[in-house]
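Asker: Residue numbers (the UniProt record's numbering): 1 to 735.
For glycine and all other residues, C-beta sits at the position ideal for the given N, C-alpha and C.
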Amino acid sequence: MIRTLLVDNHDSFTWNLVHDLIRVNGVEPVVVPNDWDRWQAEGEKILDRVDNVVISPGPGTPLEPGDVGIGPAVIDGAVRRQLPVLGICLGHQLIAHLQGAAVERAAEPVHGRISQITHDGKGVFQGIPSPFEAVRYHSLAVTDVPPNLTVNARSGDGTVMGVSVPGKLLWGVQFHPESVKTGHGPEILANFAEITRRQGPVRRVRDRVVPLTLPTTAGEKDATDTRRLSGDLFRTLFRGRDAATTVVWLDGNAPGDPRARFSVMGAADGRHAGPSAATATADVAAGTVTVTRGGTTEVLNGDVLDWLEADLARWNIRGGGLDEDLAGEPPFGFRLGWIGYLGYGVKAQCCPGEGGPNSHPADAGTGPDAAFVFLDRAVVIDHDRAEAHLLTLDRPVARNAGPWASADETAWSETTAAVVRRLVAGRDTGPGQGSVPGTVEGSVPGSRGLSVRVRPELHDRGDYTGKIRRIRELIAEGETYEACLTTVLDVTAEEVSVDGTVRSGHPACFDIYTALRAASPAPFGAYLQLPGVTVMSTSPERFLRVDADGTVTSSPIKGTRPTGDTEEEDLRIRAELQHSEKDRAENLMIVDLVRHDLGRVADPGSVHVPELFSVESYATVHQLVSTVTARLGDGAGGLDAVRAAFPPGSMTGAPKERTMRILEELEDSPRGIYSGALGWFSLDGALDLSVVIRTLVCAGGRLTYGVGGAVVAQSDPDAEYEETVVKTGPLRRLR
Numbered sequence: 001m002i003r004t005l006l007v008d009n010h011d012s013f014t015w016n017l018v019h020d021l022i023r024v025n026g027v028e029p030v031v032v033p034n035d036w037d038r039w040q041a042e043g044e045k046i047l048d049r050v051d052n053v054v055i056s057p058g059p060g061t062p063l064e065p066g067d068v069g070i071g072p073a074v075i076d077g078a079v080r081r082q083l084p085v086l087g088i089c090l091g092h093q094l095i096a097h098l099q100g101a102a103v104e105r106a107a108e109p110v111h112g113r114i115s116q117i118t119h120d121g122k123g124v125f126q127g128i129p130s131p132f133e134a135v136r137y138h139s140l141a142v143t144d145v146p147p148n149l150t151v152n153a154r155s156g157d158g159t160v161m162g163v164s165v166p167g168k169l170l171w172g173v174q175f176h177p178e179s180v181k182t183g184h185g186p187e188i189l190a191n192f193a194e195i196t197r198r199q200g201p202v203r204r205v206r207d208r209v210v211p212l213t214l215p216t217t218a219g220e221k222d223a224t225d226t227r228r229l230s231g232d233l234f235r236t237l238f239r240g241r242d243a244a245t246t247v248v249w250l251d252g253n254a255p256g257d258p259r260a261r262f263s264v265m266g267a268a269d270g271r272h273a274g275p276s277a278a279t280a281t282a283d284v285a286a287g288t289v290t291v292t293r294g295g296t297t298e299v300l301n302g303d304v305l306d307w308l309e310a311d312l313a314r315w316n317i318r319g320g321g322l323d324e325d326l327a328g329e330p331p332f333g334f335r336l337g338w339i340g341y342l343g344y345g346v347k348a349q350c351c352p353g354e355g356g357p358n359s360h361p362a363d364a365g366t367g368p369d370a371a372f373v374f375l376d377r378a379v380v381i382d383h384d385r386a387e388a389h390l391l392t393l394d395r396p397v398a399r400n401a402g403p404w405a406s407a408d409e410t411a412w413s414e415t416t417a418a419v420v421r422r423l424v425a426g427r428d429t430g431p432g433q434g435s436v437p438g439t440v441e442g443s444v445p446g447s448r449g450l451s452v453r454v455r456p457e458l459h460d461r462g463d464y465t466g467k468i469r470r471i472r473e474l475i476a477e478g479e480t481y482e483a484c485l486t487t488v489l490d491v492t493a494e495e496v497s498v499d500g501t502v503r504s505g506h507p508a509c510f511d512i513y514t515a516l517r518a519a520s521p522a523p524f525g526a527y528l529q530l531p532g533v534t535v536m537s538t539s540p541e542r543f544l545r546v547d548a549d550g551t552v553t554s555s556p557i558k559g560t561r562p563t564g565d566t567e568e569e570d571l572r573i574r575a576e577l578q579h580s581e582k583d584r585a586e587n588l589m590i591v592d593l594v595r596h597d598l599g600r601v602a603d604p605g606s607v608h609v610p611e612l613f614s615v616e617s618y619a620t621v622h623q624l625v626s627t628v629t630a631r632l633g634d635g636a637g638g639l640d641a642v643r644a645a646f647p648p649g650s651m652t653g654a655p656k657e658r659t660m661r662i663l664e665e666l667e668d669s670p671r672g673i674y675s676g677a678l679g680w681f682s683l684d685g686a687l688d689l690s691v692v693i694r695t696l697v698c699a700g701g702r703l704t705y706g707v708g709g710a711v712v713a714q715s716d717p718d719a720e721y722e723e724t725v726v727k728t729g730p731l732r733r734l735r
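(1) Is the Cβ-Cβ distance between valine 32 and aspartate 67 less than 8 Å?
(2) Taking the alpha carbon of threonine 487 as the reference point, which residue from Thr4, Thr724, Gly69, Leu687 has its own alpha carbon closest?
(3) Within the region 86–139, note down every full beta strand (DSSP E) run reaching 3 residues or more, in order along the chain.
(4) Helix, strand or coil for histidine 579 per DSSP?
(5) Go through its chain and collect everything with a Cβ distance to isoleucine 573's Cβ below 8 Å, but skip five positions before and after it.
(6) Contact defined as beta carbons within less than 8 Å: I believe alanine 107 pairs with leucine 140. What is the distance between those atoms, to the nearest angstrom?
(7) Run through the region 28–71 for me and flag every whole beta strand (DSSP E) of 3 or more residues, listed as ranges in chain order.
(8) Which whole-angstrom value describes the C-beta separation of residue 736 and phenylalanine 192, a residue pair presumed to lie in contact below a C-beta threshold of 8 Å?
(9) Using 10 angstroms around the beta-carbon of alanine 418, count the other beta-carbons present and answer buried if the total reaches 16, otherwise exposed.
(10) Per DSSP, proline 211 is paired with what?
(11) Rounded to the nearest angstrom, how far is the Cβ of phenylalanine 681 from that of leucine 308, given a contact under 8 Å?
(12) With proline 730 and alanine 519 assumed to form a contact (beta carbons below 8 Å), what rounded beta-carbon distance in angstroms separates them?
(13) According to DSSP, threonine 4 sits in a beta bridge with which residue or residues?
(14) Assuming leucine 528 and tyrosine 341 make a contact with CB atoms under 8 Å, what is their CB distance in whole Å?
(15) Is tyrosine 618 helix, strand or coil when you go by DSSP?
(16) Under 8 Å, with one C-beta from each stretch per pair, do the region 73–83 and the region 106–122 reach the 3-pair mark?
(17) Is the closest heavy atom of the ligand GDP to the C-beta of arginine 235 under 7 Å?
(18) To the nearest angstrom, report how far apart leucine 212 and isoleucine 88 are at their CA atoms.
(19) Measure the alpha-carbon distance for threonine 728 versus glutamate 457 and round it to whole angstroms.
(20) Per the DSSP calculation, aspartate 251 is bridged to which residue(s)?
(21) With distances taken Cα to Cα, identify the nearest neighbour of valine 692 among Val609, Pro655, Phe646, Val712.
(22) On a CA-only basis, which of Val24, Leu5, Gly112, Ala134 is nearest isoleucine 70? Give me that one, please.
(23) Ignore the nearest five residues each way along the sequence and tell me which others in serine 179's own chain have a CB closer than 6 Å to its CB.
(24) How about the region 667–676 and the region 604–619: do they share at least three Cβ pairs that are nearer than 8 Å?
(25) To which residues does DSSP link proline 275 through a beta bridge?
(26) Identify every residue that forms a DSSP beta bridge with glycine 708.
(27) Exposed or buried, what is asparagine 52 when buried is set at 16 or more other beta-carbons lying within 10 Å of its beta-carbon?
(28) Under the DSSP definition of a beta bridge, which residues are partnered with phenylalanine 262?
(29) Should serine 12 go down as buried or exposed, given a rule of 16 or more other Cβ atoms within 10 Å for buried?
(30) Is the region 379–392 touching the region 289–307, taking contact as three or more C-beta pairs under 8 Å?
(31) Under a Cβ-count criterion, where at least 16 other Cβ atoms within 10 Å of its own Cβ denotes burial, should threonine 695 be classed as buried or exposed?
(32) Can you tell me whether DSSP reads histidine 596 as helix, strand or coil?
(33) Going by C-alpha to C-alpha distance, which of Asp583, Val607, Asp460 sits closest to threonine 551?
Put into structure tokens, the structure is as follows:
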């Protein structure tokens, strides 16, 4: 359904238009007279609840303010919102006049007469025969057309019969499509409705900024630890009273790392969820996506990436996404949208025929193949500036969504801002992730003064090294260059009280994540509490970032060493990793693979490697990282880059197609979420995804943790096994 605002210029044919619009739109338009004295007080609210505008015929001239009344203000408000506008007769003349055209007496008055209309087939004339017959009622006509106004139609005598404004959603027709003798009048109104559907209602993202620091007596600001505050804020908003059941927290938790500058949090239910909040899960084997929004669940057939692309296409966010009244663009790319993950099994849809079918389909113990939350409200924390950004959508954000008041979003922003201020004012400031590694601390709901002990059940050495030997044989036979062999470990977790006593029962997933983020800070931390699964990630690796302008970045990791016990040992280990021929070979093969993957959707010549073989250090490991950049080619979007590069090459090996088939045969169980991608898909087309490594998954009563490593010709089976043990370091630090 499309809701139209119809401005009545006190014409005798307005209600003919009303009935035509009901038939085309499926709902009655909102009708206001052009002299409505409440427009100044109520008009903006009405425009916030409609999808397009029609200015009716009427007597008089657009040069006389009393004849057109609120018409110019309505058009101005619609243009600011990018709402389509159709002017008919006097409305057509008003649009032309506002663009600088002249409106003068026609050669002769034409009332109730039928003319042949010739047109260009564009806009409201699409699919209409040319010429066609239309009824005219006018004494004035548009003349002296300026360059910013396009003439789309004329009558046989040359009179302008249709105009449009390039770059704006403004159309005008001089004739009367609602007349019983106008041929194709309903089709013209239907074309206007279709233009509205394609455009979608433009929605603005509003951003309210709340400082996370307190002024001091000297006029300076305190040194609030925003990463610790981020955890406190998440607990307060989403874990306290009226706790939400479906929540997400993308946790930039690596001080000094530019990739960890921002944290994003929100919910799909509870008092902090917006009216368009939703969840979605995918079943690759069934070929379905299940979407729940507003209490209604719909099962859709198709691939998850196709669904995601189609859903994002339904939203229309004003230029870059943000309210034009803001002083400047926020420094982050997220403009609200979907947050969640793509499990490794999505490869069967993303690259069919390449990786082969999924030999081990996802089950309750691995969670859905993909799962997402749609956020139309979110809190974004800028750790560098010590600011919280409260993002809202100020209008219905999807076509056919029911109207809701912007006042609701203003109220949420004000309430949430007050919570943030109270939290900042009432907590201790200063550095620290918690005095005891792995301790759950804090003074907000959810903190219990407990530490968490986590024990992975290590995989069988003989079985794993045997598979490594098999891969080396396949490499020698020319079947692959490098294969990333993985396994998923079962994990047990216990609560430990402050006196060291093990408590009965299992710790809550959020308590585990709180301990994990304290012990192993990472740039792509994440806590996702989704339908059927909870994900706790401390990933250091970026899979893909695609900016709204089409810039693509991928930073694959290949090459891992444990941190040293002393500074001297640590420096030696870093240097050894940086110059290791084996690790450089592993890394280089994946860099060339990523270059290939991105080259499928990039502008020719735009794929570059600005960083090769850099060492990044974390709490338990050093890793060898490279960066590949590209620019999307014409017609390509962010999800095209995901299709081209998924699953992450650092988790498959090369050549990707053959190697994925080999791994399907060697690995005994589904990878599930592990080695997939996790992050956000913004309404403006941008996205940022990490590789799902260093990640605990709770699903179907199981707690699991994936580990693995690249196998090349030089690989030593026992050393590769030990590397997987090193990668359980974040868990072992919680013992």
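Answerer: Let's see:
(1) Locating residue 32 in the sequence shown gives position 32, counting from the first residue. Locating residue 67 in the sequence shown gives position 67, counting from the first residue. In this structure, aspartate 67 does not lie closer than 8 Å to valine 32 by Cβ.
(2) Translated into positions along the sequence shown, residue 487 becomes position 487. Nearest option by C-alpha distance: Thr724.
(3) 102–119
(4) For this step, residue 579 is matched to residue 579 along the sequence shown. Helix.
(5) Counting from 1 along the sequence shown, the entry for residue 573 is found at position 573. Contacts found: Arg561, Pro562, Thr563, Gly564, His622.
(6) By one-based count along the sequence shown, residue 107 stands at place 107. By one-based count along the sequence shown, residue 140 stands at place 140. Their Cβ separation, rounded to whole angstroms, is 11 Å, which puts alanine 107 and leucine 140 out of contact at 8 Å.
(7) 30–33, 52–55
(8) Past the edges of the chain, shown from 1 to 735, lies residue 736, and the structure says nothing about it.
(9) Translated into the one-based positions of the sequence shown, residue 418 becomes position 418. Its Cβ having fewer than 16 others within 10 Å, alanine 418 is exposed.
(10) Translated into positions along the sequence shown, residue 211 becomes position 211. Partner(s): Glu387.
(11) Start at 1 with the first residue of the sequence shown, and residue 681 comes out as number 681. Start at 1 with the first residue of the sequence shown, and residue 308 comes out as number 308. Sure, about 6 Å apart at Cβ, within 8 Å.
(12) Residue numbering aside, residue 730 sits at position 730 when the sequence shown is read from its first letter. Residue numbering aside, residue 519 sits at position 519 when the sequence shown is read from its first letter. Yes, proline 730 and alanine 519 are in contact; Cβ-Cβ is about 6 Å, under 8 Å.
(13) Numbered from its first residue, the sequence shown carries residue 4 at position 4. Asn52.
(14) If you number the sequence shown from 1, residue 528 lands on position 528. If you number the sequence shown from 1, residue 341 lands on position 341. That pair is a contact at about 7 Å.
(15) Working through the sequence shown from its first residue, we reach residue 618 at position 618. It is coil, neither helix nor strand.
(16) no
(17) For the ligand GDP, the structure offers nothing, since it holds no ligand at all.
(18) Your numbering for residue 212 matches position 212 in the sequence shown. Your numbering for residue 88 matches position 88 in the sequence shown. Cα to Cα, the separation comes out at about 53 Å.
(19) The count along the sequence shown starts at 1 and reaches residue 728 at position 728. The count along the sequence shown starts at 1 and reaches residue 457 at position 457. Taking the straight line from one Cα to the other gives about 10 Å.
(20) Position 251 of the sequence shown, counting from 1, holds the residue named residue 251. According to DSSP, aspartate 251 bridges with Gly525.
(21) As a first step, residue 692 must be located in the sequence shown, where it is residue number 692. Of Val609, Pro655, Phe646, Val712, the residue nearest in Cα terms is Phe646.
(22) Counting from 1 along the sequence shown, the entry for residue 70 is found at position 70. Of the listed residues, the one whose Cα sits closest to isoleucine 70 is Leu5.
(23) As a working note, residue 179 is residue 179 in the sequence shown. Val135, listed in sequence order.
(24) no
(25) Indexing the sequence shown from 1 puts residue 275 at position 275. None; proline 275 has no bridge partner.
(26) Locating residue 708 in the sequence shown gives position 708, where the first residue counts as 1. The partner list for glycine 708 (beta bridge, DSSP) reads Thr486.
(27) As a working mapping, residue 52 is identified with position 52 in the sequence shown. Its Cβ being crowded by 16 or more others within 10 Å, asparagine 52 is buried.
(28) Here residue 262 is taken as the residue at index 262 of the sequence shown, counted from 1. Partner(s): Asp382.
(29) Counting from one through the sequence shown, the residue named residue 12 turns up at place 12. Answer is exposed; the Cβ neighbour count stays below 16.
(30) no
(31) As a working note, residue 695 is residue 695 in the sequence shown. Buried is the call here.
(32) Numbered from 1 along the sequence shown, position 596 holds the residue referred to as residue 596. Residue state, collapsed to three classes: helix.
(33) In the sequence shown, the residue the question calls residue 551 occupies position 551. Here the closest residue by C-alpha is Val607.
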